[in-house]
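Residue numbers (my numbering), protein chains in the order written: chain P, 58 to 362; chain U, 58 to 362.
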């Protein structure tokens, strides 16, 4: 299986604690890195988790609360000091981020060695904002105190796996293998035709990772998230603070689990923990009553999608 | 002795490493906290080092490189989330900091619960920029790639210590003690006059702490720093990178030690270490050849002035 993993860099909420960094994640898809949110301290978390600065090309910002984006200027400044040349693309809802950040980049990253390219998207409807040969990224409109979107990373279908013993048996030359992977059959020296299906195993099913934070539960995204492999959903509070969650535009662990259940997600990661919980087991226990496959986010955690 | 201590929150230079945070220090003078520089991650370092957010009233920014001030917005945002009401005063060279930060504070700290008051000072001449009953803070013009000042913290003279045995012997009432500390004598029940000097021990000598970073050596500050108790001087490089130090507006460990020697400082702390040194012993050894009382800065280090 090709690499598709999620690295948790920070999973606390706005108030920094000794236990959690503020929000950031890095999705590693076949050694290309995609960042989701970039709180203060994110560049150091990348170092700690051995994530290569130079493999990061795209940063997706869910919303413009400080605990999701105040690490950008420092990180970009460091990239510039290191002589980066590849452009860095930053995606965020609306135009505010560029308006706010550009004067800081001009001042603090004077003489910057690479382009920082801002892309804005509408927080009101789901759209594909990034697409390449291996992955597409789609926004998931969320409900928070300000415009906010989650992100759905969908791996592109991969080619089927070649049946090594058939290649050996038929003495198929190396140069023909890509064509077979892509759908061709093979005619052997005796003129017998072998069908494509006889020469390959089925491709791995394409995988999907969804990030939903910060938000109250949003049922409108369920059709997009049906059968998602891994759902990250914020669970800032437990059920006994349900009214606080509603007031502040957040979810409880039970609500995150309900969402995973409704989407038929394969696994649920919960995070964005309020500083009021010295031990998040209470959140995991609450979610597990509703949905069985719950993982607590944690700095340094790496999840294979 | 009244408390006068320097806490090192970060002593690395611009490139963050696993070993060092970027620059920040907190001076604790009789439980009032004064911050010098505020790099990304400073608020978390305060938490780690058990420094109370609410005791911090004044932040002194040496210059506007990102590794000395990019932690301000996040820290202020956290103070606001915690419901701070006391104003926060920020001192920096020129007007750029307010121009850059104000739009971020308006956006990211919307509805902020306290006043952030910016004070600008000239980086060209030394001046007293803060003064209260216990301490004055004076700028020290430095030579860097941009306008930059160090800071000299001078404790105000304290009152002399009362001689407890004389108080007991003469049965001097509690209400009279402050007057005696402030210079008065005492007439006993037999009409004998006791001089002030007979009733007290001399006050502790007022102490001074100087912070010089980032900078090449600046001889112009030597008269102000004569006999300083503790001198923090940057030592980004060792002597073998002296030309790199000059190019980038920094000092070597030897230059920092020369400065301490010329000022007749009592102790020297060196810091702002380049990421090229996996072990700073080389810098300490270099400085110690010139000046005997050298301490390597380190995150978490607390120095009694």
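All C-beta atoms, glycine included, are put in the ideal place defined by N, C-alpha and C.
None of these values were measured; they are calculated from a predicted model.
Cβ shell of residue i (< 7 Å), same chain only, five flanking positions each side left out
i	result
residue 274 of chain U	308, 312, 315, 316
residue 190 of chain U	213
residue 258 of chain P	217, 218, 220
residue 204 of chain U	120, 150, 151, 180
residue 348 of chain P	314, 317, 318, 325
residue 200 of chain U	272, 273, 275, 306
residue 252 of chain U	242
Residue i at chain U interface by Cβ criterion, 8 Å
i	result
residue 98 of chain P	yes
residue 108 of chain P	no
residue 344 of chain P	no
residue 160 of chain P	yes
residue 73 of chain P	yes
residue 67 of chain P	no
residue 330 of chain P	no
residue 134 of chain P	yes
residue 171 of chain P	no
residue 123 of chain P	yes
residue 127 of chain P	yes
residue 90 of chain P	no
residue 157 of chain P	yes
residue 113 of chain P	no
residue 145 of chain P	no
residue 197 of chain P	no
residue 86 of chain P	no
residue 358 of chain P	no
Whole-angstrom distance between residue j and residue i, CA atom to CA atom
i	j	result
residue 167 of chain U	residue 336 of chain P	30 Å
residue 130 of chain U	residue 131 of chain P	12 Å
residue 241 of chain U	residue 187 of chain U	30 Å
residue 197 of chain P	residue 154 of chain U	36 Å
residue 281 of chain P	residue 123 of chain U	41 Å
residue 178 of chain P	residue 192 of chain P	18 Å
residue 165 of chain P	residue 207 of chain P	29 Å
residue 183 of chain P	residue 149 of chain U	44 Å
residue 338 of chain P	residue 351 of chain P	11 Å
residue 217 of chain P	residue 354 of chain P	33 Å
residue 63 of chain U	residue 361 of chain U	7 Å
residue 176 of chain P	residue 137 of chain U	30 Å
residue 304 of chain U	residue 139 of chain P	17 Å
residue 291 of chain P	residue 157 of chain P	26 Å
residue 45 of chain U	residue 118 of chain P	There is no way to answer for residue 45 of chain U, as the model of chain U reaches only from 58 to 362.
residue 227 of chain U	residue 254 of chain U	15 Å
residue 96 of chain U	residue 96 of chain P	14 Å
residue 299 of chain P	residue 108 of chain P	36 Å
residue 359 of chain P	residue 296 of chain P	27 Å
residue 126 of chain P	residue 128 of chain U	13 Å
residue 270 of chain U	residue 250 of chain U	53 Å
Residue-level contact to chain P via CB, residue i, 8 Å cutoff
i	result
residue 225 of chain U	no
residue 272 of chain U	no
residue 153 of chain U	yes
residue 43 of chain U	In the structure displayed, chain U extends from 58 to 362; residue 43 of chain U sits before or after that span and is not available.
residue 104 of chain U	yes
residue 140 of chain U	no
residue 130 of chain U	yes
residue 165 of chain U	yes
residue 282 of chain U	no
residue 209 of chain U	no
residue 256 of chain U	no
Closer than 8 Å to chain A by CB, residue i
i	result
residue 267 of chain U	No chain A appears in the structure shown, which is made up of the protein chains P and U.
Same chain, Cβ closer than 6 Å to residue i, neighbours up to 5 away in sequence not counted
i	result
residue 185 of chain U	193, 195
residue 202 of chain U	306
residue 211 of chain P	193, 265
residue 332 of chain U	72, 74
residue 364 of chain P	For residue 364 of chain P there is no data in the structure shown, the boundaries of chain P being 58 and 362.
residue 278 of chain P	197
beta-carbon residue i near the ligand HEM non-hydrogen atom, thresh 7 Å
i	result
residue 61 of chain P	Judged by which ligands are present, the structure shown has none, so any question about the ligand HEM falls away.
- Query: Hey, which unbroken runs of the beta strand (DSSP E) at 3 residues or more fall wholly within the stretch 160-235 of chain U?
  - Reply: 173-178, 185-188, 192-198, 206-212
- At a cut of 8 Å, does the stretch 262-280 of chain P reach the stretch 237-251 of chain P through at least three beta carbon pairs? no
- Runs of beta strand (DSSP E) lying entirely within the stretch 262-302 of chain P, each at least 3 residues, in chain order: 265-269, 287-291
- Query: Contact between the stretch 130-144 of chain U and the stretch 110-122 of chain U: three or more CB pairs below 8 Å?
  - Reply: yes
- Task: Decide if the stretch 276-293 of chain P is in contact with the stretch 321-329 of chain P; the criterion is three or more beta carbon pairs, one per stretch, under 8 Å apart.
- Result: yes
- Item | At least three beta-carbon pairs within less than 8 Å, the stretch 82-96 of chain P to the stretch 331-346 of chain P | The stretch 82-96 of chain P vs the stretch 331-346 of chain P: no contact.
- Those runs of the alpha helix (DSSP H) which lie wholly inside the stretch 97-137 of chain U and span at least 4 residues: Fully enclosed alpha helix (DSSP H) runs of 4 or longer: 99-105, 123-126.
- Query: Is the stretch 67-79 of chain U touching the stretch 100-109 of chain P, taking contact as three or more C-beta pairs under 8 Å?
  - Reply: yes
- Message: At 3 residues or longer, what runs of the beta strand (DSSP E) sit wholly inside the stretch 304-360 of chain P?
- Response: 324-328, 351-353
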